[in-house]
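Working notes for the structure below.
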Amino acid sequence: MSHLLPATEEHLKHLIACPTVSSESNLAMMAMMGDYLEHLGAKVELFRDATGTKANMFATLGPDIPGGVVLSGHSDVVPVTDQDWSSDPFALVARDDHLYGRGTCDMKGFIAAALALAEPVSKMTLRRPLHLCFTHDEEVGCLGA
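First residue of the sequence shown: 0, per numbering that gives the first Met the number 0; consecutive thereafter.
The following block contains the structure:
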């Protein structure tokens, strides 16, 4: 699976660049991921919240049958207000064999890995579907999660 690391890092760079702070919209990030997954042949559904500014995504690769595996994560990050960052929190930075940026560990790193995995999975003949579920507002209020 180490062959997926470059793709994971590339996805992570784009995800970190989306400032999906819990008080802000996540629609740009959802659109970016949705376009990518649709390009791979996934069925993508967006479910907007009551304000229309945030959405959850449910995407499926593989056969249209019950069951399968779900990989799930949240798109929002904790606000950066009044925090002393040594670099732009919304730009991925590699330093001392580590990657830094708001959300790298919680939880955009996982989402990047799931997106990187989606590409080779899209070329497989699956017996059961792979579902990707990405939500909003887990950090504050668990409204979308």
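Glycine residues also receive a C-beta, built at the ideal position from the N, C-alpha and C atoms. Nothing here was measured: the structure is a model prediction, and the numbers come from that model.
(message) Across the region 48-61 and the region 21-30, are there enough close Cβ pairs to call them in contact, namely three or more that are closer than 8 Å?
(response) Proximity of the region 48-61 to the region 21-30 meets the contact definition, three or more beta-carbon pairs being nearer than 8 Å.
(request) Would you check if the region 33-43 and the region 80-96 touch, i.e. whether three or more CB-CB distances between them fall below 8 Å? (result) No contact exists between the region 80-96 and the region 33-43.
(request) Return the first residue and the last residue of the beta strand (DSSP E) that residue 56 is part of. (result) Taken as a continuous stretch (DSSP letters only), the beta strand (DSSP E) holding residue 56 covers 54-60.
(message) For a quick check, are the C-beta atoms of residue 107 and residue 11 less than 8 Å apart?
(response) Cβ distance < 8 Å, so residue 107 and residue 11 count as in contact.
(request) Label residue 68 either buried or exposed according to how many other C-beta atoms from any shown protein chain fall within 10 Å of its C-beta, with 16 as the threshold for buried. (result) Residue 68 is exposed by the Cβ-count criterion.
(message) From the DSSP secondary-structure annotation, give me the bridge partner or partners of residue 134.
(response) Residue 134 is bridged to 73.
(message) Are the CB atoms of residue 102 and residue 92 within a distance shorter than 8 Å?
(response) No, Cβ-Cβ distance for residue 92 and residue 102 is not below 8 Å.
(request) Determine, using beta carbons only, whether residue 62 and residue 125 come nearer to each other than 8 Å. (result) Going by beta carbons, residue 62 and residue 125 fall inside the 8 Å limit.
(message) Suppose contacts are defined by Cβ-Cβ distances below 8 Å. Is residue 111 in contact with residue 7 by that definition?
(response) Yes, the pair counts as a contact, with Cβ atoms nearer than the cut-off.
(request) Under 6 Å Cβ to Cβ from residue 47, same chain only, skipping five residues before and after it: list those, please. (result) Cβ within range, chain order: 54.
(message) Comparing C-alpha positions only, which one of 4, 105 and 5 sits nearest to residue 134?
(response) Ranked by Cα distance from residue 134, the options 4, 105 and 5 are led by 105.
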